[in-house]
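Asker: Numbering of the sequence shown is given in the working numbering, commencing with residue 120 and proceeding in unit increments. Glycine included, C-beta positions come from ideal geometry on N, C-alpha and C. A quick note: this is a predicted structure, and the numbers were derived from the prediction, not measured.
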Amino acid sequence: MRWLRCQTKDEPFYGFLNDNTVSKVHGSPFDGYEQTNQKIPIEEVKILPPVIPKTFYAAGVNYKKHVLEAASLLNREPNLPEKADIGYRANNAIIGHGDPIVIPKDATDKIHYEAELVVVIGKVAKNVSMEDSLDYVLGYTVGNDVSERTWQASDRTLWRAKNTDTFKPMGPWIETEASLDEMVTTVRLNGQETI
120 MRWLRCQTKD EPFYGFLNDN TVSKVHGSPF DGYEQTNQKI PIEEVKILPP
170 VIPKTFYAAG VNYKKHVLEA ASLLNREPNL PEKADIGYRA NNAIIGHGDP
220 IVIPKDATDK IHYEAELVVV IGKVAKNVSM EDSLDYVLGY TVGNDVSERT
270 WQASDRTLWR AKNTDTFKPM GPWIETEASL DEMVTTVRLN GQETI
């Protein structure tokens, strides 16, 4: 199932995406919902970020190739961590699929982007065992982790480099029936596949 969060002239709403039509629901996939009879062509809605989470974390430098690339960009020796570096991300950075990424005037030309798998947690979870963890996943979407690398290297924290307004595009939908083994992410910049 594909959950889409979108808007017409009214308030934002969730719906199921079927054959370029959004079947509107009352409620959400997180708090329960009721189906309606409203079906809206996708070209008549504005697609919003699929979720505005209460908390939003990122697992940084979580694979060897990325560690080596990051070390090279920062002119440092690679340091392979035992566990992923978990960092908080700010909701102000989240934008929807197709929304413009706005580069701040004081940013350098060292803007970097990378495709990320976004895991959408569907219910309250704390101290969950690894064996039970997938029971809490509603689905998956895709994100773009935009970073300002000069700020990342010079600031004491990653806050500005990673959490600037519009630096976390996400969506367009939450896919609830995806197989992790079959997922592939790609990035296109101005129509050209880059990653």
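#1: Taking Cβ positions, are Tyr-259 and Lys-242 nearer each other than 7 angstroms?
#2: Decide if Tyr-133 is buried, meaning its Cβ has at least 16 other Cβ atoms within 10 Å, or exposed.
#3: Buried or exposed for Ala-280, please, with buried defined as at least 16 other CB atoms from any protein chain shown within 10 angstroms of its CB.
#4: Closer than 7 angstroms by C-beta to Asp-274: which residues in its own chain qualify, once you throw out the five before and the five after it? Chain order, please.
#5: Have a look at Gln-126 and Lys-173 and give me their C-alpha separation to the nearest angstrom.
#6: Do Val-180 and Pro-197 have their C-beta atoms within less than 7 angstroms of each other?
#7: Using a 10 Å radius around the Cβ and a threshold of 16 neighbouring Cβ atoms, would you call Gly-262 buried or exposed?
#8: In the DSSP assignment, the beta strand (DSSP E) including Ser-315 goes from what residue to what residue?
#9: Can you pull the DSSP bridge partners for Phe-286?
#10: Would you mind stating whether Phe-286 and Val-265 have Cβ atoms separated by less than 7 angstroms?
#11: Beta strand (DSSP E) containing Arg-124: first to last residue?
#12: Report yes if the C-beta distance between Trp-292 and Pro-168 is below 7 angstroms; otherwise report no.
#13: With a threshold of 8 angstroms, are at least 3 pairs of Cβ atoms found where one atom belongs to the segment 200-219 and the other to the segment 294-313?
#14: Restricting to runs no shorter than 3 residues, where is the beta strand (DSSP E) found entirely within the segment 125-212?
#15: Counting only the same chain and skipping the five closest in sequence on each side, list residues whose C-beta sits under 6 angstroms from that of Asp-204.
#16: Are Leu-199 and Ala-272 close, meaning C-beta to C-beta below 7 angstroms?
Answerer: Inspection of the coordinates gives the following:
#1: With contacts defined as CB atoms closer than 7 angstroms, Tyr-259 and Lys-242 fail to qualify as a contacting pair.
#2: buried
#3: buried
#4: Ala-280
#5: 20 angstroms
#6: no
#7: Counting Cβ neighbours within 10 Å, Gly-262 comes out buried, since at least 16 surround it.
#8: Not covered by the structure: residue 315. The range shown for the chain is 120 to 314.
#9: Bridge partners of Phe-286: none, in fact.
#10: Yes; because the gap between Cβ atoms is below 7 angstroms, this pair is in contact.
#11: The continuous beta strand (DSSP E) containing Arg-124 extends over residues 121-126.
#12: no
#13: no
#14: 132-137, 140-147, 151-160, 176-179, 204-207
#15: Taking Asp-204 as the centre and dropping the five residues before and after it, the same chain places the C-beta of Gly-179, Val-180 closer than 6 angstroms to its C-beta, in chain order.
#16: The beta carbons of Leu-199 and Ala-272 sit no closer together than 7 angstroms.
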